[in-house]
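Novice: Below is the structure I would like to discuss, written out as structure tokens.
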Amino acid sequence: MSTPVGDRFGGMGAGRTGDDGAADRRSGDDAGGGGPGSYSVAAAVRSPAALGVGLAIASFLAVFYHVVDVVGGATFLLMEVAVVAAAAAWLGGFLRQRTALGLTAAGLALALIGYFLSVPPSARALFTVGRVAADVIALLTGLSVLRLLNAGAWALFLVPVPTFLSTYLLVRRRHAAAATVGAATTGFFVLTGDASAGVGLTAAVGLTLAVGFSQLAAAGRAGVLAQWDTIAVVVAAMVVVTSVVTVVPGSASNPVFPGGDSPTVESSLVANTDSVGVLGSIRLSPEVRFTVEADESAYWRVGSYDRYTGGRWVRTGDTTPYTSGSLGEPPGESERLVQRVTARGKLDALPAAWKPVELRGRAADTAQVTDHDGLKPGTTLLENDTYTVVSQRPTATTGDLRRAGTDYPSGISSRYTQLPESTPDRVGDRTAEVLAQADASNPYDAAVAVERYLERTKEYSLDVPAPQGNTADSFLFEMDAGYCVYYATTMVAMLRTQGVPARFVTGYTPGQRVSEDEWVVRGLDSHAWVEVYFPDHGWVRFDPTPSGPRESAEQASVETAREEGAENVDAAGSEDGSYETATATPGSASTASAGSTPDIGAIDPGDRGIQNATIATAAGGLTANATPAGGGSGDAGDGGWTPTREDVAVGVASLVGLVAGARRFGLTDRVRRTVWLLHQSRADPNTDAERAFRRLEYLASIVYRPRRPGETPRQYVEALAGERFGDRARAVADAYERARYGGGVDEAEARRAVEAVDDLIRQHAPVLRRLGGAGTPR
Amino acid sequence: MGCERHPDGSYPGVLLRRGVCRVSDAEAEPETDPEADDEADAATAVDRDGAEPGGSDGLAPLPVSEAADLVDRVADNVSRVIVGNDAAVEHILVTVLGRGHLLLEDVPGVGKTMLARSLATSVDCEFKRVQFTPDLLPSDVTGINVYNQKTGEFEFRPGPVFANIVLGDEINRAPPKTQSALLEAMEEGQVTVDGVTRGLPDPFTVIATQNDVEPGRTYELPLAEIDRFMKKLRLGYPDRADETEMLGRTAGEHPIESLESVATTAELRRARATVGEVSVSEPVREYVTDLATYTREHAQLGVSPRGSIALVRASQARAVVDGRDYVVPDDVQTEAPSVFAHRVRPRTGSESGLDVVEDALSSVAVE
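Heads up: the protein sequence lines correspond to chains A and B, in order.
Each residue of the first sequence is one higher than the one before, counting from 5 in the numbering used here.
Each residue of the second sequence is one higher than the one before, counting from 317 in the numbering used here.
What follows is the structure, encoded as structure tokens:
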């Protein structure tokens, strides 16, 4: 039974290898169901690179989720993603990569075909190769996915493709490739404008982590441990730098750090873009935009929006070129109004009273008609360009509208009662309460009730924070003040919770009347309001914003600008004051129309005679509260600044980066060593004695020289004895020797050693002694 | 016996050598009488070795302080004869305490034999000397069965190896067969003659000398056999003052003649037991291993595990010499050159084993 030692070791080695092999096979069996590979989710996730892949996948899933949250189907999307990911994890165990790529390509083709079939047949007829190509280019140049009529179906058909591919690659431990797929998908959404800067950054961080850690993993576990802090520094730098230095134009309006100019109301509202965001603090531009010659004043409407994402308004559907007769007459009774509009600067819209039926002038050649029967210029209007619009304004009476009923066409009700699924229930509950209180039994009364409720309970202010989350919900429950965008958004959302079709409209208020038939419209007249649909009458305007305080703010802005001598504040004699007639400038103290607008077509809640007091309160609030940010006062946003989620994220990232950087350059180690040198916490005597010697060693390494590799503790303290360390150092080394090599030391000896070191530290490090404080040199 | 076969005249040695020879003869005299006792001792030794090799024979170990005291006394006593070589004296004591054997390599006449003799006298040990020559037979070392005509039986006449301290002089002059007889006795602690195994006395230490003056006429000890010596030392010439002092002392009666024992053999055995009790902590064991590994990585042939064991044993003895019951790295560092150097075969002829060991000591970190 005498096995040679060498053989025994050899046998043991072989045995262990065998065990390992068996373990590998077992794990392979678990994951792959008998497949030849050893790929499993557990193994793939154990690598730190998986964190990066997770971030990349999460980033594009967040965008998809946002899309379906807005248009419906969120639960279905989650289930779909879970099923696809599970399938990919399972297939990853045995499917070869080429097969998986083929499968992904086939899935993509199927998804596109499915989406094509889901589009209504009428719209499908429009599909040609040229149009599809144009659409793809449009998507990649900022056309939001949400503008697709069938965005929900698009998301549900397409989400499995990147989910499958990235999960499969993750399971195959191709972390970098998996993260690339995820980040590329997010990159697509960044181009379409659906991914916020934060989501894009998340994808970039994920990609960096995945690539970095999979590189490090090639050097094994030790490599990861040695270099993780480098990656942390890089990622932190990415996060912090991108949040401070913004080069993406879209997010320039919303940098993480406060400061900089607030955008104007107008820029956020009336350029007739395809979507409108809610920005927070804005200011008023006093420049004249255009003048209107018309028999009567009206709200000069620019565009309307149907899809509410919670934080933005998006117009879905395509535009078509304007041709004579392509704009239909409104249903029900209407009144003809001819307006001649002259641009007083660059104008990127075709303001007109609702509902335009005919457009004349050069602009008509290139104008586009939106899916909502709105007008959109093909080219920017230059100064003194003019055009003429003929509008048919609905003239339905209050009684007509009360009797209109709720027999909505299906296209209208599905399109204009959409709300994000994430909208809190309390919005609907509050609306129901408001309606019950006002005893509203039909859509018209409901709209009036909501309009009054908002006018009564909220104050007008341009200096408000950008809302977090759902704008309607935060304005309704958390904010006390806001401006037209908040009012209008909230009103639309509230009506939609009750199944009333409503949409968000932007444009200009009538402006300053300068003569019998001429109005001067400035940037600060830009406005947002609400249109509600009534069967047989079409879209009818409601304006929930209290007009008194708004006009005060606007007037103050104009006067400030005039005093400062700003250019282009006045036109056509507007500086001489308003043209005084019985139908004065909208919103003046005219008792007949207090709190609302004087034009005929609008529904005027003031006619019930209960608004005066409310408006007065609101106006009082404005003088105290709303400081127009315009006129160069520039004090916007210097109030109480509360950190947003982005600020917190950037803070955390910079903290992590600092710590990792400090570790990289050995700073933490040095700080830790200094603290440790100054103070020794006590444990058992042996540990104390050993640590006392380590401290002595560290101190002497600073003031004398480090211990050489082959130098024993005893030799070292003998060398130190010549450096004024003397017997105390010998005592410490003696205790150390006994603690480490001998039978141990008792409490008293350990204490003596610790105290000896304390003394030596005080004696040899004057600065440290001062920092150490209390100790008196013994 | 060993000396008897080689008349002094054939060796133009120094005065000291003659003295040694004479003394050893004289000491051999009383020993032949209590032969029965010797046999009995030997038998018990065999039993003991069988049960527990190197065991302490039930002797209570001396307290460390007393053991250190004993070492001091002996060292003082020896230095009355050996002038100015305290370090060598300590090394020999460490070897004896650590149950090892010593190889002295030096030119003739620097006091090798005198060192061994004075040590033996100091601890009241039996001392014998074997002069190795090219025609020395293994039985001349181990002993031989002689036919006794009176009793009509063979009786065993023990060789010079049956002593506490055996001086093997110029071991490299004998043929390998004879060398290996001594080396086997060193390793096993016993001798087998005609099928009968006889144990050697308990403190048993061989001090072998190697003459490197006339390499042409010698049988160089193979490295494998040198490995069996715990230490290898060079005494070297005394410096001017020491030599003058020595001349003064030896002018009249040689001090060795008046040397008296300062300790008993039993005390020596108990001190050896003390060495076995000295604790060697894990960091020290790791340090020894690291040193050995270093030599294996930086030389053609490094230190064997037997060498590591020897270093730990020597360090334990060194700790006792210093009056400690635990080993510190300093002990290891003191012992490493003499224990390791002769076991290392360097890569190039220009460096010695000692260089490699010193490199190891300066570059292996002491934890």
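A virtual CB, placed ideally from N, CA and C, is assigned to each residue, including glycine.
These numbers come from a predicted model, not from an experiment.
With 8 angstroms as the threshold, decide whether the Cβ of P621 (chain B) is near any Cβ in chain A.
Specialist: For this step, residue 621 (chain B) is matched to residue 305 along the second sequence. Not closer than 8 angstroms to any Cβ of chain A, the Cβ of P621 (chain B) fails to qualify, so no.
Novice: With a threshold of 16 other CB atoms inside 10 Å of the CB of I117 (chain A), please say whether the residue is buried or exposed.
Specialist: On the first sequence, position 113 is the one that residue 117 (chain A) refers to. So I117 (chain A) ends up on the exposed side.
Novice: Drop a sphere of 10 angstroms on the beta-carbon of D393 (chain B), count the other beta-carbons inside from all chains shown, and report buried for 16 or more, exposed for fewer.
Specialist: Here residue 393 (chain B) is taken as the residue at index 77 of the second sequence, counted from 1. One detail in the question is off: residue 393 (chain B) reads as Asn in this sequence, not Asp. Its Cβ being crowded by 16 or more others within 10 Å, N393 (chain B) is buried.
Novice: In whole angstroms, what is the alpha-carbon distance linking E711 (chain B) and A391 (chain B)?
Specialist: Because chain B is modelled from 317 through 683, residue 711 (chain B) falls outside the range shown and cannot be assessed.
Novice: With C-beta atoms as the reference, is G156 (chain A) less than 8 angstroms away from G77 (chain A)?
Specialist: Residue 156 (chain A) sits at position 152 when you count from the first residue of the first sequence. Residue 77 (chain A) sits at position 73 when you count from the first residue of the first sequence. Contact flag set, yes.
Novice: Take E751 (chain A) and list the residues in its own chain whose beta-carbon comes closer than 8 angstroms to its own, dropping the five residues that flank it on each side.
Specialist: Position 747 of the first sequence holds residue 751 (chain A). Answer for E751 (chain A): P689, listed in chain order.
Novice: Is it true that the CB of L379 (chain A) sits closer than 8 angstroms to the CB of A450 (chain A)?
Specialist: What you label residue 450 (chain A) is simply residue 446 of the first sequence in a count that begins at 1. What you label residue 379 (chain A) is simply residue 375 of the first sequence in a count that begins at 1. Their beta carbons are not under 8 angstroms apart, which means A450 (chain A) does not touch L379 (chain A) by this criterion.
Novice: Please decide whether R728 (chain A) counts as near chain B, where near means a Cβ-Cβ distance under 8 angstroms.
Specialist: Locating residue 728 (chain A) in the first sequence gives position 724, where the first residue counts as 1. By this cut-off, R728 (chain A) is not an interface position.
Novice: Beta-carbon separation of R629 (chain B) and G416 (chain B) under 8 angstroms?
Specialist: Position 313 of the second sequence, counted from the first residue, corresponds to residue 629 (chain B). Position 100 of the second sequence, counted from the first residue, corresponds to residue 416 (chain B). Against a cut-off of 8 angstroms, the Cβ pair of G416 (chain B) and R629 (chain B) comes out as a contact.
Novice: Return yes when the Cβ of V736 (chain A) is within less than 8 angstroms of the Cβ of V757 (chain A), no when it is not.
Specialist: Counted from its first residue, the first sequence places residue 757 (chain A) at position 753. Counted from its first residue, the first sequence places residue 736 (chain A) at position 732. The residue asked about is misnamed: residue 757 (chain A) is Ala in this sequence, not Val. A contact, by the Cβ cut-off of 8 angstroms.
Novice: Would you say G714 (chain A) lies against chain D (beta-carbon separation less than 8 angstroms)?
Specialist: Within the model displayed, chain D is absent; protein chains A and B are what it includes.
Novice: Let me make sure I understand the geometry here. Which of B:A657, B:V682, B:L420 has the alpha-carbon closest to that of V288 (chain B)?
Specialist: The question about residue 288 (chain B) has no answer, for chain B in this structure spans 317 to 683.
Novice: Once DSSP output is grouped into helix, strand and coil, what is the label at D233 (chain A)?
Specialist: Walking along the first sequence from the start, residue 233 (chain A) turns up at place 229. Helix.
Novice: Please list, in chain order, the chain A residues whose beta carbon lies closer than 7 angstroms to that of P645 (chain B).
Specialist: Position 329 of the second sequence, counted from the start, is the residue given in the question as residue 645 (chain B). Result: T716.
Novice: By a C-beta neighbour count over all protein chains shown, 10 Å radius and 16 as the cutoff for buried, is R728 (chain A) buried or exposed?
Specialist: Working through the first sequence from its first residue, we reach residue 728 (chain A) at position 724. The residue in question, R728 (chain A), is exposed, as its Cβ has fewer than 16 Cβ neighbours within 10 Å.
Novice: On the DSSP letters alone, give me the boundaries of the alpha helix (DSSP H) that D675 (chain B) sits inside.
Specialist: Here the question's residue 675 (chain B) lines up with position 359 in the second sequence. Note, D675 (chain B): alpha helix (DSSP H), 669 to 679.
Novice: So P645 (chain B) and V600 (chain B) are supposed to be a Cβ contact under 8 angstroms. How far apart are they, rounded?
Specialist: Numbered from 1 along the second sequence, position 329 holds the residue referred to as residue 645 (chain B). Numbered from 1 along the second sequence, position 284 holds the residue referred to as residue 600 (chain B). Their Cβ separation, rounded to whole angstroms, is 6 angstroms, which keeps P645 (chain B) and V600 (chain B) in contact under 8 angstroms.
Novice: Counting only C-beta atoms, is R719 (chain A) closer than 8 angstroms to chain B at any point?
Specialist: Numbered from 1 along the first sequence, position 715 holds the residue referred to as residue 719 (chain A). The displayed chain sequence assigns Gln, not Arg, to residue 719 (chain A). By this cut-off, Q719 (chain A) is an interface position.
Novice: With a Cβ-Cβ cutoff of 8 angstroms, do S170 (chain A) and G186 (chain A) count as a contact?
Specialist: Translated into the one-based positions of the first sequence, residue 170 (chain A) becomes position 166. Translated into the one-based positions of the first sequence, residue 186 (chain A) becomes position 182. In this structure, G186 (chain A) lies closer than 8 angstroms to S170 (chain A) by Cβ.
Novice: Compute the Euclidean distance between the alpha carbons of Y799 (chain A) and T79 (chain A), then round it to the nearest angstrom.
Specialist: Chain A is shown only over 5 to 782; residue 799 (chain A) falls outside these bounds and no answer can be derived.
Novice: Kindly provide the ranges of any beta strand (DSSP E) runs that are 3 or more residues long and lie completely inside the region 499 to 544 of chain A, ordered along the chain.
Specialist: Counting whole runs of 3 or more residues, the region 499 to 544 of chain A contains the beta strand (DSSP E) stretches 506 to 512, 516 to 519, 522 to 526, 530 to 538.
Novice: In angstroms, rounded to a whole number, what distance separates the CA positions of D651 (chain A) and A470 (chain A)?
Specialist: Position 647 of the first sequence, counting from 1, holds the residue named residue 651 (chain A). Position 466 of the first sequence, counting from 1, holds the residue named residue 470 (chain A). Going from the Cα of D651 (chain A) to the Cα of A470 (chain A) covers about 14 angstroms.
Novice: Would you give the residue range spanned by the alpha helix (DSSP H) that D411 (chain A) belongs to?
Specialist: Here residue 411 (chain A) is taken as the residue at index 407 of the first sequence, counted from 1. No alpha helix (DSSP H) holds D411 (chain A); DSSP gives it neither H nor E.
Novice: In whole angstroms, give me the CA-to-CA distance for R667 (chain A) and F697 (chain A).
Specialist: Translated into the one-based positions of the first sequence, residue 667 (chain A) becomes position 663. Translated into the one-based positions of the first sequence, residue 697 (chain A) becomes position 693. For R667 (chain A) and F697 (chain A), the distance between alpha carbons rounds to 25 angstroms.
Novice: When we look at the beta-carbon of M495 (chain A) and count the other beta-carbons within 10 Å, is it buried (16 or more) or exposed?
Specialist: Within the first sequence, the letter at position 491 stands for residue 495 (chain A). By the 10 Å Cβ count, M495 (chain A) comes out buried.
Novice: Indicate whether A497 (chain A) and E535 (chain A) have their beta-carbon atoms separated by less than 8 angstroms.
Specialist: Taking the first residue of the first sequence as 1, we reach residue 497 (chain A) at position 493. Taking the first residue of the first sequence as 1, we reach residue 535 (chain A) at position 531. Contact: no.
Novice: Name, please, each residue of chain B whose Cβ falls closer than 7 angstroms to the Cβ of T741 (chain A).
Specialist: Numbered from its first residue, the first sequence carries residue 741 (chain A) at position 737. Residue 741 (chain A) is actually Glu in this sequence, not Thr. V644, listed in chain order.
Novice: 8 angstroms is my cut-off, CB to CB: does E345 (chain B) come that close to chain A?
Specialist: For the purposes of this step, residue 345 (chain B) is taken as the residue at position 29 of the second sequence. Residue confidence is low: E345 (chain B) scores 37 on pLDDT, short of 50, so the model does not pin down where it sits. Its coordinate-derived value is still stated next. Chain A contact via Cβ: absent.
Novice: First and last residue of the beta strand (DSSP E) that includes N527 (chain B)?
Specialist: Locating residue 527 (chain B) in the second sequence gives position 211, counting from the first residue. That run of the beta strand (DSSP E) goes 521 to 527.
Novice: To the nearest angstrom, how far is it from the Cα of V544 (chain A) to the Cα of E362 (chain A)?
Specialist: One-based indexing of the first sequence puts residue 544 (chain A) at position 540. One-based indexing of the first sequence puts residue 362 (chain A) at position 358. The straight-line gap from Cα to Cα measures roughly 19 angstroms.
Novice: Does any residue of chain B have a CB that is nearer than 8 angstroms to the CB of G747 (chain A)?
Specialist: Taking the first residue of the first sequence as position 1, residue 747 (chain A) is located at position 743. Closer than 8 angstroms: yes.
Novice: According to DSSP, simplified to helix, strand and coil, what is L121 (chain A)?
Specialist: Within the first sequence, numbered from 1, the residue matching residue 121 (chain A) stands at position 117. Helix at L121 (chain A).
Novice: In the structure shown, what three-state DSSP assignment does R225 (chain A) receive?
Specialist: Here residue 225 (chain A) refers to the residue found at position 221 of the first sequence. It is helical.
Novice: What are the partner residues of W304 (chain A), as DSSP defines its beta bridges?
Specialist: Here residue 304 (chain A) refers to the residue found at position 300 of the first sequence. Per DSSP, A:Y512.
Novice: Starting from E469 (chain B) and walking both ways along the alpha helix (DSSP H), at which residues does that stretch end?
Specialist: Walking along the second sequence from the start, residue 469 (chain B) turns up at place 153. Segment 469 to 474 is the beta strand (DSSP E) holding E469 (chain B); no alpha helix (DSSP H) there.
Novice: Residues in the region 424 to 438 of chain B with C-beta within 8 angstroms of chain A's C-beta atoms, listed in sequence order?
Specialist: So nothing in the stretch comes that close.
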